[in-house]
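Inspection log for the structure reproduced underneath, given as structure tokens.
Chains as they are written, first to last, in our numbering: chain A, 372 to 694; chain B, 386 to 931.
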């Protein structure tokens, strides 16, 4: 098991370096820089000397090769630098948003798991019945509906519904308060995006659970269990579900990693000060250091989650670690 | 001149009357207390007003600072009404043939950290803005080229000595970016300290800034304008998406947004909330400009550029575009309504493309194109990837040019590459550009059209225009200023057609009706100290509950 873990860890490093080089080069393909935008983006007079000083301070006047060397040195020494837009340390910029994105990811995952596992199992156990058809329609709708669009519908529904029922329109709070400061305020803001993203997430997981369960339920050992006279509940919960979990865990892991940095549009719809919104802002402002750090963070999360999923695979299925 | 001034005075009175009609001026007594929640659609790069130029910094940070003088917060719609903030009495008249301004400074003012404010702080601030040391940025030092020296002979007096009399000096001093800093902070912490720290003497004290989320402030108990501010505090919430800002006002999560919404958003809010929404509207000191690249053929030919301007039906555009976009007013190069700017009647008679007979204009445009040998010209209109108002106006322009037989495609880019194309790469045929200023200061604002002005991307040279501008800049006499301004305008829009005007922007601010005391200005940078704003508590409870 240990050699398996070490091998997986060694594969991570080249993946991270490759991603770092790629993101550096891709960002520089877009002409223009943060200084031109920051001082002249609103149509007023922009002092050329100020733009020159800004470019000098940020190292944008240096040849690309020197910028690249500087970036890679920072990468290997874990020095992510400062945001080109706000001059705040990148770690601070990310740290402020990380808690919110993590909370949303956890809440959406919980929503997803709570919906997906029971529905997937029931759907498989009652294959080709009206219950199965309903679950399949419910999950297909979730896959078809983008979470940001569902978010917009939720906000409009809240506005219109609250006005109709309580006489005054209400929408979720648009600023973030940590859950330990004001749990009610925090949850009233975050439960809606968690539902919107959790539904789509659950739809994928429901379908995966259903198909994995169907496959397992047709295995010989399940038939044997039935022949031995075990009740269906025990067969499903004790024998089938654990073995059907491999692909489901993969999906849940990948979706969780995606949620940490991928809620770009949903965070904007709900005005959540998370990593996705920061991502959009950093790209539109040509804030190279922040964009690079965010891409690397998302890559690192994906790599780490994949690593954990691989480890879980090995734990769930001993054949993998022995091979 | 007299009739123009009369019309200007009438427009100010009419504007005020409209504002009263919109309910902006309350007849009831002001109430104390409450927190204003404003939504801001842009991010704060730093807290230093002297280097920044975004409303994303002004809206949340301006209330922490004082100015030497400012646009009158009780009459912000007037482009010529300036009043003292930290100085006492009226804004001083110049002496020494217009070359010396002496300001008497208010006593008893303190910064947030308790340091008393004196004339030395004013001098240190304007020295930093006008004469920054080598390596120190100052985005508006060009506005203060007329300053020779600044003196603080005693704690209560600041003297600005100018190299020449200039009509741009007072409006430049009143710019809302000129935050007054403590000399102590500049001396002890250096010139970059204010980029990340706040220590002002304004109506509110800084509490916190959570990056990407909000800025909050509380009432300054020692504020020097008696009885103000009325609010206990405010919270400026960052919300980059316009739809979020709009729904936040509708859904009771925000009270006001100061930049402005398109007409459709105003109509949606009013439809949803009826009399719970107040609306104030104003001409806006921002204008979309068509910028042909003079280095690209055939736009080096003035006849082609004139034809492009002649094809545009500005009055028709105003009528229809104002229903869907934040543009409305037809004007020349100066802010419409300012005494120095050309009147609609003058423009119609004297400037190409402003005549009321649109068909005749277009016939003339076709003739000019034929003379130049470019009847079926094909080119690309470079535009910024922002809907309001760039893409809307860009699409309209293409339609206008099609009517004289031109084949135009729109090339839309996000903001960063858009500016790179405009300023450095210069690989465009014709581009939309814009000029957006804070204080209405037409003589300074029209430097946008000057080849050497630093913000003109048409890439041409014209000594006659340069000479006219220098003469205009150094003239104190209003009548002479108007004469030179008109000559400059004719040179830009007629003779050279080096650039030309589409429509001026139009500012629309719908907000919750329990917010009282705020008055719209012709710029989203102005009148943002929040000190006049108060909350009608009864109305607030009625609309949002306890």
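Note that CB positions come from ideal geometry on N, CA and C, so glycine has one too.
So what does DSSP say about residue i, is it helix, strand or coil?
i: residue 537 (chain B); result: strand
i: residue 690 (chain B); result: helix
i: residue 565 (chain B); result: coil
i: residue 699 (chain B); result: helix
i: residue 387 (chain A); result: helix
i: residue 621 (chain B); result: strand
i: residue 423 (chain B); result: strand
i: residue 422 (chain A); result: helix
i: residue 747 (chain B); result: helix
i: residue 437 (chain B); result: coil
i: residue 378 (chain A); result: helix
i: residue 505 (chain A); result: helix
i: residue 492 (chain A); result: helix
i: residue 662 (chain A); result: helix
i: residue 714 (chain B); result: strand
i: residue 521 (chain B); result: coil
i: residue 574 (chain B); result: helix
i: residue 551 (chain A); result: coil
i: residue 589 (chain B); result: strand
i: residue 411 (chain B); result: With a pLDDT of only 45 at residue 411 (chain B), under the threshold of 50, the placement of this residue in the model should not be trusted; the figure read from the coordinates follows. Here residue 411 (chain B) sits in coil by DSSP.
i: residue 403 (chain B); result: Summary for residue 403 (chain B): the model assigns pLDDT 42, below 50, so the residue's position carries little reliability; its value from the coordinates is reported in the next sentence. Looking at residue 403 (chain B) - three-state DSSP - the assignment turns out to be helix.
i: residue 667 (chain A); result: helix
i: residue 786 (chain B); result: helix
i: residue 543 (chain A); result: coil
i: residue 508 (chain B); result: helix
Just reading off the beta strand (DSSP E) that residue i is part of, what are its end residues?
i: residue 816 (chain B); result: 815-821
i: residue 580 (chain B); result: It is not in any beta strand (DSSP E) - residue 580 (chain B) carries neither H nor E in the DSSP assignment.
i: residue 893 (chain B); result: 885-897
i: residue 875 (chain B); result: Looking at the DSSP string, residue 875 (chain B) is not in any beta strand (DSSP E); the run it does join, the alpha helix (DSSP H), is 863-875.
i: residue 825 (chain B); result: Neither: residue 825 (chain B) is in no beta strand (DSSP E) and is coded neither H nor E.
i: residue 447 (chain B); result: Note, residue 447 (chain B): premise wrong, no beta strand (DSSP E); not H, not E.
i: residue 455 (chain B); result: 454-456
i: residue 468 (chain B); result: 467-469
In the DSSP assignment, what residue or residues form a beta bridge with residue i?
i: residue 546 (chain B); result: B:485 and B:534
i: residue 595 (chain B); result: B:599
i: residue 628 (chain B); result: Looking at the DSSP assignment, residue 628 (chain B) forms no beta bridge with any residue, so it has no partner.
i: residue 764 (chain B); result: B:793
i: residue 453 (chain A); result: A:460
i: residue 501 (chain B); result: B:495
i: residue 480 (chain B); result: B:485
i: residue 771 (chain B); result: Bridge partners of residue 771 (chain B): none, in fact.
i: residue 798 (chain B); result: B:769
i: residue 642 (chain B); result: B:424
i: residue 920 (chain B); result: B:900
i: residue 406 (chain A); result: DSSP output for residue 406 (chain A) lists no bridge partner at all.
Quick one: give me the first and last residue of the alpha helix (DSSP H) that residue i is part of.
i: residue 587 (chain A); result: 554-588
i: residue 650 (chain B); result: 648-658
i: residue 669 (chain B); result: Residue 669 (chain B) -> not in any alpha helix (DSSP H); beta strand (DSSP E) instead, spanning 662-677.
i: residue 619 (chain A); result: 612-633
i: residue 595 (chain A); result: 591-598
i: residue 519 (chain A); result: 518-537
i: residue 849 (chain B); result: 848-858
Is it the case that the region 464-481 of chain A contacts the region 568-582 of chain A, given that we only count it when at least three CB pairs across the two stretches are under 8 Å?
yes
Can you list, in chain order, the residues of the region 579-602 of chain B whose Cβ is nearer than 8 Å to any Cβ on chain A?
580, 581, 595, 596, 597, 598 and 599
For the region 444-471 of chain A, which residues have a beta carbon sitting closer than 7 Å to at least one beta carbon of chain B?
456, 457, 458, 459, 464, 467 and 468
Members of the region 797-817 of chain B near chain A, C-beta cut-off 8 Å
799, 800, 801, 802, 803, 804, 805, 806, 808, 809 and 810
Could you name the residues of the region 517-545 of chain A whose beta carbon sits closer than 7 Å to any beta carbon of chain B, in the order they occur along the chain?
526, 530, 539, 540, 541, 542, 544 and 545
Is the region 426-442 of chain B close to the region 770-788 of chain B, with three or more CB pairs under 8 Å?
no
Answer yes if the region 446-466 of chain A comes into contact with the region 626-641 of chain A, meaning at least three C-beta pairs across the two stretches below 8 Å, and no otherwise.
no
According to a CB-to-CB cut-off of less than 9 Å, which residues of the region 394-411 of chain A neighbour chain B?
401, 402, 403, 404, 405, 407, 408, 409, 410 and 411
For the region 799-818 of chain B against the region 667-680 of chain B, are there 3 or more C-beta pairs whose distance is under 8 Å?
yes
Measuring CB atoms only, is the region 695-709 of chain B touching the region 856-865 of chain B, in the sense that at least three cross pairs come out at less than 8 Å?
no
Hey, is the region 409-423 of chain A in contact with the region 518-527 of chain B, meaning 3+ C-beta pairs nearer than 8 Å?
yes
Interface positions of the region 613-638 of chain B facing chain A (Cβ-Cβ less than 9 Å), listed along the chain
620, 622, 623, 624, 625, 626, 628, 629, 630, 632, 633, 635, 636, 637 and 638
Check whether the region 473-487 of chain B and the region 549-567 of chain B touch, using three or more Cβ-Cβ pairs below 8 Å as the test.
yes
Under 8 Å (Cβ pairs) to chain A, residues found in the region 657-674 of chain B
657, 658 and 671
Could you name the residues of the region 914-931 of chain B whose beta carbon sits closer than 8 Å to any beta carbon of chain A, in the order they occur along the chain?
928, 929 and 930
Is the region 512-528 of chain A touching the region 599-610 of chain A in the sense that three or more CB pairs, one from each, lie closer than 8 Å?
no
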